[in-house]
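>
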Amino acid sequence: MGIWLAVLAVGAVVTATGWDEEFGGSYLMAVLLVLNAVDDIIGGVRHRWPAALAAVVVLLAASRLTGAVLPGSLDAAWEATLATAVGVTLGLAAAAAITRLPFPGRLAEAR
10 MGIWLAVLAV
20 GAVVTATGWD
30 EEFGGSYLMA
40 VLLVLNAVDD
50 IIGGVRHRWP
60 AALAAVVVLL
70 AASRLTGAVL
80 PGSLDAAWEA
90 TLATAVGVTL
100 GLAAAAAITR
110 LPFPGRLAEA
120 R
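Numbering (our numbering) for the sequence shown: 10 to 120.
Below you can see the structure in the form of structure tokens.
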């Protein structure tokens, strides 16, 4: 939950201050999601590879879909930041759900 709030805060601050042209708030948010997935891989979290893949795929898909439905009245930087915020939220949720799945053999052992 903390990483999610930090990523959204970083993206909003970068976009609000106008640094989006230099740093790209939406790109920075995506990079932070990927770094979180790499941290899970390094940390040895179970199902880490499928979770990292799912997080990136969901990030890209949700960001594109959200960007397509946002109204044209928004500034381009805010539109990209909001679309990426939705993608980051769903990507982190997908990764969290996958890493909490039990190993296939352990389910049978528990019974």
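C-beta: ideal position from N, C-alpha, C; glycine also.
So, with DSSP's three-state summary, where would you put residue 26?
coil
> On the premise that residue 42 lies in contact with residue 14, defined as a C-beta separation below 8 Å, what is that separation, rounded to the nearest angstrom?
Actually they do not touch by this definition, with Cβ atoms about 13 Å apart.
> Please look up how many angstroms separate the CB atoms of residue 104 and residue 64, rounded, as I've assumed it's under 8 Å.
The beta-carbon distance between residue 104 and residue 64, rounded to whole angstroms, is 4 Å. This is short enough to meet the 8 Å contact definition.
> Go to residue 48, then tell me how far its alpha helix (DSSP H) extends in each direction, as first and last residue.
34-52
> Got a sec: is the Cβ-Cβ distance from residue 104 to anything in chain D below 8 Å?
Of the protein chains in this structure there is only one, and it is not chain D.
> Return helix, strand or coil for residue 73, following the three-state DSSP convention.
Reduced to three states, the DSSP call for residue 73 is helix.
> Nearest-angstrom Cα distance between residue 57 and residue 30?
33 Å
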